[in-house]
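Here's the structure we're looking at; comments come further down.
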Amino acid sequence: MAGSYRISGQGRLTPAKTARFTFDGKSFTGLAGDTVASALLANGVHLVGRSFKYHRPRGILSAGAEEPNALVTVERDAARKTPNVRATVQEVYDGLTVSSQNRWPSLSFDVGAVNDLASPFFSAGFYYKTFMWPKAAWHKIYEPNIRAAAGLGVAPDQPDPDHYSSRFAHCEVLVLGGGAAGIAAALAAAETGVRVILCDEQAEFGGALRFEKGAVIDGQDGWAWAQTAVATLAAMDNVTVLPRTTAFGYYAQNFVGLVERVTDHLASPGRDEPRERLWQVRAKRVVIATGAIERHMVFANNDRPGVMLASAARTFLNHYGVVVGRNVGVYTANDSAYAAAIDLKKAGVGIAAIVDLRDNPAGPLIDEARALGIEINDGRAVISANGTKRIKSMTVQPKAGGPERTIAVDALLMSAGWTPSVHMFSQSRGKVAFDDATKRFLPGTYAQDCVSVGACNGSDSLEDTVEQALAAGSAAAKHVGAKPSKAVSIKVEGSEGWTGSMLGAGPGAGADTTVKAFVDFQNDVTAKDIRQAVHEGMRSIEHVKRFTTNGMATDQGKTSNMHGLAIAADALGKDIPQVGLTTFRAPYTPVTFGAIVNHARHGLFDPTRKTATHAWAEAHGAVFEDVGQWKRAWYFPRAGEDMHQAVNRECATVRQTAGLFDASTLGKIEVVGPDAARFMELLYTNPWEKLEVGRCRYGIMLREDGFIYDDGVVGRLAQDRFHVTTTTGGAARVMNHMEDYLQTEFPNLDVWLTSISEQWAVIAVQGPNSRKIIEPLVEGIDMSDEAMPHMSVREGKICGVPTRLFRMSFTGERGFEVNVPADYGRAVWEALWAEGQKHGACAYGTEAMHVLRAEKGYIIVGQDTDGTVTPNDAGLDWAVGKKKADFVGIRGMTRPDLVAKGRRQLVGLKTKDPRTVLEEGAQIVENPKQAIPMKMIGHVTSSYWSANCDRSIAMALVTGGRDRMGETLYVPMPDGVIEVEVTGAVFFDEKGERLHG
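Counting from 1, position 27 in the sequence shown corresponds to residue 26 in numbering that gives the first Met the number 0; the numbering is continuous, with no gaps.
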């Protein structure tokens, strides 16, 4: 046998299939299917870790995801090391290396245990009151030591060599939880033919049937029925069955995040297999069948190794074949602990005594326990667990006080009742309701299309659970339009029924005591800590939670929340609902960064996007810059040229003859539909209804607050179709902005939005000879000034491929933007380049583009605006429709502060020394001799050397800027003050004559 505490004939694991692993360097043998916890218990190991704050010895509390104590580090090799893995979830395999945490130099001798002796100094909220004096000690003593002591486990120090996968899935019915309720709901829904996904966090489905021996369903043992039913589901084409898969987050519109552990249980995972898979599921209806979680009893030293939940001991026995001790005590306020004692007794384990807090408990389980000769002490309490690294005895006393009795035990099982797992329901934004009769929170008001069934919905019997689940599964399928089918019938012929519950601290851990009776094991929160929080003024459970950290550990208070709430309510003299309930947030259990980041790392962390002409630009010596995710040609230096010389040449060439520029990165959105013009009227400040087909208009988009959000040229291709351009950086957010308003504010409009940014390559041909370069290659378009004036758009062909040809300019010269399908972008570019060479044209990059547009005073949103600039501030009042009754931002623009005098306005600046180029971002003052800190009245937004103007030029946002024309202002810099003159923002061709050729 794999371990001296493994009992032959018990459990469901196969003795012939063994797995060798190490724990803190010592080798152990487990069986295939064991968890680290069950394998260690099989070998008699109870001490598995040290507590976070006091470094107290800790053992295994549970057998599932709610485990707060047994957090370990697992590793395959130096690079594959994961801290804070729950030993009750991690399966063993050959070669697994497991280490305990939060101890030094060893688990059995931990220097940090001195904190337990110094616990009076570390009471609840101590960190709010200490480390304040002397002030200088914070950086040199307090902070370094606190950081060194903080956290559980040690973060990996090498790159993660594993890979992770992601899947998006849609289904009609998603069932969360694979116990009897989840399986029954899935069967009922699947029978109708709808798509069903069933997931459960355990390696095998069955839920509580793993440990229940009294369940008989359809003539089979409950566990056997579950395996048969799941096999039936797995064989159905419309069902996806996902074991080892945790639903960790329930988000808006029935979007649920699942994480599947794909290879964490395998000794030799395939190289192509992911470690974990992230499932992002959108379901029409969600069935929540997440069960209930057993609570511990709150008494002195209830954290000693060997003290555990009764259901955990029963799971280790009935599923893994492991007994947790040879002489076991039981402390309970619920019948379920009797079932654990009975199972252990029948397996040959001595039961020292059952201590029941209730007076005169009655029922079949109590009768059976007595018939087996188990001593039952009702109306009594365990007031202390004795021992250090393993429980040795329990001290029992009548609950009303009286003589104490010490009973030797090597394990103590406890049950204070069961808490419905409402985490996923709460994450769905549903509102829980307190059931005063059973003293528990249950699903109340639903916010999304979901239903809770079984124990998480308050069901206390297997019959009721299955009945609820079948009805819910059938109703879910019917709700999503499934055709009627034969109803699924499941007959429960035997089950276990449990009653009894208690909340809060037990006798011996009351307000008059100072014992360490733990409520939250992982964060070392005791009953007295909860009371102290109330004593110090905390009235809301959310405040108590933050003051004590109760429920803030990685287990999210699965076993501690209700106890903490009850103790706080008692201290406040209020009912539990009046104190409130803490918020359950995603993730339900910890999720690795690898699963979340998934493919988005290394080269895919921030993908590099390249235009169709990128390779051509590289071949022609372009220097690139990063613009968002795009690689854009910055400038094209010739032999012997530095950047400034190259940019000067490019700017001059564009003005003198022509230049080619890749503008493909601009955002492009098609707005299509009968109400397209009405939609544009609402999203932009400009009027659009009367814009003729084939014409373009510069548009400004505002936020609700009246500030500029984006801009771009829009062409009307048809009565019901607009081609909208956005800034490069604004492409995604403008699309989201439009979609948000269409879906939430203007859903009545018959409009479709499509991002076409990647579909079209855009080649800007600018300069006096631009038409001569394009015209020979164009088919079906009359490019004369009369037929195609400035701000026009035509559809035709260029080089034999479709084109949307815009006549527009961001340089102030005659200009065109040639839109062609991206696959043909390079071919068309090369054809235009060949024509351009006949006229002395050049390729120019983003730096020359910036200079050329600044020479004409054209703004760039995000550079010449900063999120607080209105159209009036930017000198763009002409782009706001004066007769428009409504558009996004119209009311924001009229706010008093936005129309008040003295706002910062966009103006031009000329340095008194034309050779001095200002720094962008430099601050501007009226009086450079004023005391520091000076009063800043503006800042430089754009600044360049202009070869065409033979001087420096700049744009700036200046307080009352348009009223300061001709005024001298100052720009203080580290090496001196620079004098500037306020001018108009147009520095070249002020009348705009070159625009029309």
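Glycine included, each C-beta is placed from N, C-alpha and C at the ideal position.
Beta-bridge partners of residue i, as assigned by DSSP
{"i": "I327", "result": "The question names Ile, but residue 327 in the sequence shown is Val. According to DSSP, V327 bridges with I350 and A410."}
{"i": "N359", "result": "DSSP lists no partner for N359."}
{"i": "F815", "result": "V764 and R806"}
{"i": "M954", "result": "G907 and S941"}
{"i": "E669", "result": "H722 and T753"}
{"i": "R608", "result": "W629"}
{"i": "E74", "result": "K80 and T96"}
{"i": "G256", "result": "G248 and Q279"}
{"i": "F440", "result": "F433"}
Collapsed DSSP secondary structure at residue i in the structure displayed
{"i": "K283", "result": "strand"}
{"i": "K139", "result": "helix"}
{"i": "S488", "result": "coil"}
{"i": "W222", "result": "helix"}
{"i": "Y127", "result": "helix"}
{"i": "A657", "result": "coil"}
{"i": "S98", "result": "strand"}
{"i": "G507", "result": "coil"}
{"i": "A154", "result": "coil"}
{"i": "P119", "result": "helix"}
{"i": "P686", "result": "coil"}
{"i": "G453", "result": "helix"}
{"i": "A878", "result": "helix"}
{"i": "D872", "result": "coil"}
{"i": "Q741", "result": "What sits at residue 741 in the sequence shown is Leu, not Gln. DSSP places L741 in helix when its eight states are reduced to three."}
{"i": "D448", "result": "coil"}
{"i": "A368", "result": "helix"}
{"i": "W417", "result": "strand"}
{"i": "K771", "result": "helix"}
{"i": "E649", "result": "helix"}
Cβ separation of residue i and residue j, assumed to be a contact under 8 angstroms, to the nearest whole Å
{"i": "Q997", "j": "F660", "result": "Residue 997 lies beyond the range of the chain shown here (0 to 996); nothing can be said about it."}
{"i": "G378", "j": "D358", "result": "5 angstroms"}
{"i": "G152", "j": "P82", "result": "3 angstroms"}
{"i": "R209", "j": "N300", "result": "With 8 angstroms as the limit, R209 and N300 do not qualify as a contact, their Cβ atoms being about 29 angstroms apart."}
{"i": "D784", "j": "H995", "result": "7 angstroms"}
{"i": "G811", "j": "F986", "result": "Their Cβ separation, rounded to whole angstroms, is 10 angstroms, which puts G811 and F986 out of contact at 8 angstroms."}
{"i": "K430", "j": "T444", "result": "4 angstroms"}
Burial state of residue i (16 or more Cβ within 10 Å)
{"i": "Y163", "result": "buried"}
{"i": "R852", "result": "buried"}
{"i": "Q577", "result": "exposed"}
{"i": "K139", "result": "exposed"}
{"i": "W132", "result": "exposed"}
{"i": "W751", "result": "exposed"}
{"i": "P119", "result": "exposed"}
{"i": "V382", "result": "A small fix is needed here, since residue 382 is Ile in this sequence, not Val. Buried, by the Cβ-count rule."}
{"i": "Q157", "result": "exposed"}
{"i": "S791", "result": "buried"}
{"i": "P932", "result": "exposed"}
{"i": "P442", "result": "buried"}
{"i": "E816", "result": "buried"}
Beta-carbon proximity of residue i to residue j, cut-off 8 angstroms
{"i": "D342", "j": "K212", "result": "yes"}
{"i": "L364", "j": "Y330", "result": "no"}
{"i": "Q447", "j": "F583", "result": "no"}
{"i": "N101", "j": "G48", "result": "yes"}
{"i": "T245", "j": "T498", "result": "no"}
{"i": "W629", "j": "T726", "result": "no"}
{"i": "V761", "j": "A662", "result": "yes"}
{"i": "A384", "j": "I390", "result": "yes"}
{"i": "T96", "j": "A69", "result": "no"}
{"i": "V733", "j": "M679", "result": "no"}
{"i": "A568", "j": "G124", "result": "no"}
{"i": "P155", "j": "K80", "result": "yes"}
{"i": "T664", "j": "R631", "result": "yes"}
{"i": "S473", "j": "A454", "result": "no"}
Residue i: CB within 7 angstroms of a non-hydrogen atom of the ligand NAP
{"i": "T725", "result": "Looking for the ligand NAP in the displayed structure turns up nothing, as the structure carries no ligands at all."}
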